Amino acid sequence: MNACYRKVPIFPLIFAFAVLLAFVDTGPAYAGDPEDTIGPMNIEKMECVERRQEGDSSKEPAEVVDIETERQEIIKDSTGDIVQDIKDLEKACLKNGDDAFLRAMANTKIEGYVYEFHPEDPANPAESEWFAVPSRDVPVIAEGVTFEIFWGSEPDGYFYFYKTRFGEGPIMLNLRLPEDAHQINPDILIESTGLDETWTVFLGFYRGDIPPPNIDQLKTPGGNLLPFGNTTFESIVGLDGESALPGVGGVLPYKEPASVTVLAAVVLVILTVTGFFTLRKRRL
Numbered sequence: 001m002n003a004c005y006r007k008v009p010i011f012p013l014i015f016a017f018a019v020l021l022a023f024v025d026t027g028p029a030y031a032g033d034p035e036d037t038i039g040p041m042n043i044e045k046m047e048c049v050e051r052r053q054e055g056d057s058s059k060e061p062a063e064v065v066d067i068e069t070e071r072q073e074i075i076k077d078s079t080g081d082i083v084q085d086i087k088d089l090e091k092a093c094l095k096n097g098d099d100a101f102l103r104a105m106a107n108t109k110i111e112g113y114v115y116e117f118h119p120e121d122p123a124n125p126a127e128s129e130w131f132a133v134p135s136r137d138v139p140v141i142a143e144g145v146t147f148e149i150f151w152g153s154e155p156d157g158y159f160y161f162y163k164t165r166f167g168e169g170p171i172m173l174n175l176r177l178p179e180d181a182h183q184i185n186p187d188i189l190i191e192s193t194g195l196d197e198t199w200t201v202f203l204g205f206y207r208g209d210i211p212p213p214n215i216d217q218l219k220t221p222g223g224n225l226l227p228f229g230n231t232t233f234e235s236i237v238g239l240d241g242e243s244a245l246p247g248v249g250g251v252l253p254y255k256e257p258a259s260v261t262v263l264a265a266v267v268l269v270i271l272t273v274t275g276f277f278t279l280r281k282r283r284l
């Protein structure tokens, strides 16, 4: 018994599925973008602002239109349809403002200090006490869902993302260091709210191959403990010189993208079917 089979090109087929999935999977919602890319719609995190006139190069913040009364009425009468609520709020914005528009709030500020830590006894760093020195010109990286920006620390170690305001969403802070330096508390995750508030973070690093022996006891010159690495912050602390963001510890969970899971399943099915027909062909 004879049978005729057409050889199927497997790898181009797999590639085609991968490309298709890249377009189908929408990925995470945009959030925390300083360039006005809105995240999950929240009627309480939207604001009405006057549109700048053509040719206006002013760096001043856009004028905010007060629509709080209308917002509370919409929330009170809401049926749970957030899309309709946003549309109603947009109508209120257009009604109250002169050529105004609705946008996600992006008013959160981030600041802090960068310190380099040194052993008091350089000949015995593993047993020595360590002290902090403000470090200048260290790039502090803020990475969100759709952006990555940085700002260098000043002579006193202070950093502040100048004229940048963040929207609601996750923002990861890290230092960009030379090869001989190591960040003590990497991957500080801030859950930005987009509201008018300031997050303060103390970041540290050391040089060489031997780390400080008691990292959880390291303090800034002002007596603040460093927040632990791989920590998520959801509370606000000001620059009062006495308090620091609480270090809750733990490692941030990794979430496998849905597209990767689906693609793996598709590839498995294709390889299984191909193996079946190949084996059948050999037997015939």
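Start counting the sequence shown at 1; every next residue gets the next number (this note's numbering).
Backbone N, C-alpha and C fix where the C-beta goes; we use that ideal spot for every residue, glycine too.
Just so it is clear, the structure is predicted and the values come from calculations on it, not from any experiment.
Boundaries (first-last residue) of the beta strand (DSSP E) holding residue i
| i | result |
| --- | --- |
| residue 174 | 168-175 |
| residue 74 | Here residue 74 belongs to no beta strand (DSSP E); instead the alpha helix (DSSP H) covers 68-77. |
| residue 140 | 139-143 |
| residue 134 | 130-134 |
In DSSP terms, what residue i is bridged to
| i | result |
| --- | --- |
| residue 113 | 158, 202 |
| residue 210 | Residue 210 is not bridged to any residue. |
| residue 189 | 172, 232 |
| residue 215 | None, per the DSSP bridge assignment. |
| residue 102 | 48 |
| residue 223 | None, per the DSSP bridge assignment. |
| residue 152 | 139 |
| residue 119 | 130 |
Boundaries (first-last residue) of the alpha helix (DSSP H) holding residue i
| i | result |
| --- | --- |
| residue 90 | 82-96 |
Reduced DSSP category for residue i - H, G, I as helix; E, B as strand; rest coil
| i | result |
| --- | --- |
| residue 184 | coil |
| residue 44 | helix |
| residue 25 | At residue 25, the pLDDT of 36 sits below 50, so the modelled position is not reliable and the matter cannot be decided from this model. |
| residue 164 | coil |
| residue 108 | strand |
| residue 124 | coil |
Candidates the options, of which the one nearest residue i by Cα
| i | options | result |
| --- | --- | --- |
| residue 300 | 49, 188, 44 | This structure gives no information on residue 300, because the portion of the chain shown stretches from 1 to 284. |
| residue 182 | 200, 208, 189 | 208 |
| residue 164 | 64, 75, 107 | 107 |
| residue 133 | 89, 145, 156 | 156 |
| residue 42 | 63, 90, 52 | 90 |
| residue 199 | 159, 64, 50, 210 | 159 |
| residue 190 | 77, 109, 88 | 109 |
| residue 85 | 99, 177, 70, 98 | 70 |
| residue 120 | 206, 225, 184 | 206 |
| residue 63 | 93, 184, 82 | 93 |
| residue 104 | 192, 176, 138 | 192 |
| residue 138 | 149, 145, 153, 227 | 153 |
| residue 67 | 83, 97, 78, 80 | 97 |
| residue 197 | 211, 225, 234 | 234 |
| residue 150 | 172, 77, 78, 65 | 172 |
| residue 204 | 195, 210, 186 | 186 |
| residue 305 | 129, 102, 88, 170 | Residue 305 lies beyond the stretch modelled for the chain, which goes from 1 to 284, so this question has no answer here. |
| residue 170 | 224, 188, 161 | 188 |
Cα-Cα separation, residue i to residue j
| i | j | result |
| --- | --- | --- |
| residue 213 | residue 127 | 7 Å |
| residue 167 | residue 141 | 16 Å |
| residue 231 | residue 114 | 17 Å |
| residue 112 | residue 179 | 23 Å |
| residue 48 | residue 219 | 43 Å |
| residue 75 | residue 136 | 47 Å |
| residue 145 | residue 123 | 44 Å |
| residue 216 | residue 229 | 10 Å |
| residue 100 | residue 227 | 41 Å |
| residue 175 | residue 95 | 45 Å |
| residue 118 | residue 131 | 5 Å |
| residue 147 | residue 46 | 20 Å |
| residue 143 | residue 221 | 27 Å |
Any non-hydrogen atom of the ligand SAM within 7 Å of residue i CB
| i | result |
| --- | --- |
| residue 138 | As far as ligands go, the structure on display features none, and thus does not contain the ligand SAM. |
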